[in-house]
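Structure first, then comments.
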Amino acid sequence: MALGPSAKVTLGLMGGVGLAAALNPETILGVRYLEGDPEKIREAADKLESIADYIDRHQQQAHTWAAQIWTENNGRDYAEFQRFWENRFGLAVFATAYKYRRAAEACRAYADVIEKTNHALKVLCAILVADLVFTTGYQLVTWKIFRAIARKQALLIKNYGETFAIKYLLPYFVYPIADSFAYAAGEVAIPFAINKAAGMERDLSGNEVTSLDYNVREYGSHFLSNMVFDGVADATAYGMQKVPGLRMLGQNVPLPNGWQLNTGSIIPRMAGTTMYSVTRDLTHHDNPLPGTETGLTAEEMYQKLLSHGSRGFIPRR
1 MALGPSAKVT LGLMGGVGLA AALNPETILG VRYLEGDPEK IREAADKLES IADYIDRHQQ
61 QAHTWAAQIW TENNGRDYAE FQRFWENRFG LAVFATAYKY RRAAEACRAY ADVIEKTNHA
121 LKVLCAILVA DLVFTTGYQL VTWKIFRAIA RKQALLIKNY GETFAIKYLL PYFVYPIADS
181 FAYAAGEVAI PFAINKAAGM ERDLSGNEVT SLDYNVREYG SHFLSNMVFD GVADATAYGM
241 QKVPGLRMLG QNVPLPNGWQ LNTGSIIPRM AGTTMYSVTR DLTHHDNPLP GTETGLTAEE
301 MYQKLLSHGS RGFIPRR
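The sequence shown begins at 1 in the UniProt record's numbering and counts up one residue at a time.
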């Protein structure tokens, strides 16, 4: 089946958005990997361990020789030497070896932390990139849902007339539900599949990311957030049409071939996606305000602008 202009442009934008995010994970995704080479750190731990072993071996040999002094000789000086050796010098040597071993253990623990954390961050990065690609390409899905409902609405009007339910409930109630149902399914399925493939049972926050309970709660959160998104986007688009200075920004850019760019929906969708994140935070009992630990970040806004801004350049009839 031949792809139309919308599908071709969408595929190109999906690839561009995914590539931009993958190549700039720190700037766009806010993913910062821990520094350090786990293998080299473990090599350093092995060297520290070998130093501790070396100290222990020579201390044991030295102790054997020193013990001969106070076992083969009598006198106050020899007894004093024994106390010095056993209570001061020997303990100091033992403590030195012990510190080297503790340092080796710390190195190995840090290497494990780097490995596990960076693996989790790589999985998170893959999820965020896939989510951006999905959100960009979802424009075609949401159009199909809207057109299907519009066709159903036209058929019902033809058969039953333009009643209140047919005129308003289908586009402003049924459509958001269908749209949220589909979008939430993708938002849950993508991270679940990536986490499952990567062998991730818990994320960095300790959530059991492959459990049924967690994913059901996430689905509900995404569903509610997308309902808010659609409502805010529609309200913003309606308000822009009432303000002369904003009315022009709410218009699509016409193309010579009868198509038009979807630019008129960029501002409404940016307003909607911002409230989407706010709703997500609230469903997790987090503070959504920018500047707080769990609030909106600059990186999140970059992601929104990248995915929703690019959707404005998908042509439509």
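Beta carbons: idealized from backbone N, C-alpha and C, even for Gly.
Same chain only: Cβ atoms within 7 Å of residue i, ignoring 5 sequence neighbours per side
i: Ala20; result: Ile28, Leu306
i: Ile190; result: Ile127, Ala130, Asp131, Phe134
i: Leu140; result: Ser6, Ala7, Thr10
i: Cys125; result: Pro25, Leu29, Val31
i: Ile166; result: Gln153, Leu156, Ile157, Tyr160
i: Arg247; result: Met240, Gln241
i: Leu249; result: Met240, Ile267
i: Ala66; result: Trp85
i: Tyr33; result: Asn118, Leu121
i: Glu300; result: Ser277
i: Pro290; result: Leu296
Contacting residues, own chain, Cβ-Cβ under 6 Å from residue i (five flanking each side not counted)
i: Ser225; result: Tyr276, Thr279, Arg280
i: Leu128; result: Leu29
i: Pro254; result: Gln260
i: Leu13; result: Thr136, Ser310
i: Lys304; result: Thr273
7 Å Cβ cutoff met for residue i and residue j
i: Gln153; j: Leu170; result: yes
i: Gly239; j: Asn252; result: no
i: Arg317; j: Trp259; result: yes
i: Val31; j: Leu132; result: no
i: Thr136; j: Val17; result: yes
i: Ala45; j: Ala104; result: yes
i: Tyr219; j: Val188; result: yes
i: Ile314; j: Asn262; result: yes
i: Val93; j: Ala198; result: no
i: Ala184; j: His222; result: yes
i: Ala97; j: Ala52; result: yes
i: Arg269; j: Ala233; result: yes
i: Thr294; j: Asn287; result: yes
Residue range of the alpha helix (DSSP H) that includes residue i
i: His222; result: 212 to 242
i: Ser50; result: 38 to 71
i: Pro268; result: 266 to 283
i: Val9; result: 5 to 23
i: Arg83; result: 76 to 84
i: Leu155; result: 90 to 160
Residues bridged to residue i [DSSP beta-bridge criterion]
i: Pro254; result: Gln260
i: Glu208; result: Arg202
i: Pro315; result: Leu261
Neighbourhood of residue i by C-beta distance below 8 Å, restricted to the same chain and skipping five residues each side
i: Asp230; result: Tyr175, Pro176, Asp179, Ser180, Gly272
i: Ile41; result: Cys107, Arg108, Tyr110, Ala111, Ile114
i: Asn207; result: Tyr214
i: Met78; result: According to the sequence shown, residue 78 is Tyr rather than Met. Ile69, Trp70, listed in sequence order.
i: Thr283; result: Gly220, Ser221, Leu224, Ser225
i: Ala22; result: Cys125, Val129
i: Thr210; result: Phe192, Asn195, Lys196, Met200, Glu201
Nearest candidate by alpha-carbon position, reference residue i, set the options
i: Gly309; options: Pro290, Phe192, Phe89, Tyr138; result: Tyr138
i: His285; options: Ala150, Asp234, Arg217, Arg247; result: Arg217
i: Met200; options: Gln60, Asn118, Met14, His58; result: Asn118
i: Leu212; options: Met227, Lys196, Glu300, Asp56; result: Lys196
i: Leu48; options: Arg101, Arg76, Thr292; result: Arg101
i: Lys144; options: Ala182, Thr283, Thr163; result: Ala182
i: Glu35; options: Lys116, Gln82, Gly4; result: Lys116
i: Gly90; options: Leu3, Arg151, Glu300, Gln60; result: Gln60
i: Met227; options: Tyr302, Met14, Thr274, Leu289; result: Thr274
i: Ile55; options: Lys99, Ala235, Glu299, Ala22; result: Lys99
i: Ile149; options: Thr210, Tyr172, Thr163; result: Tyr172
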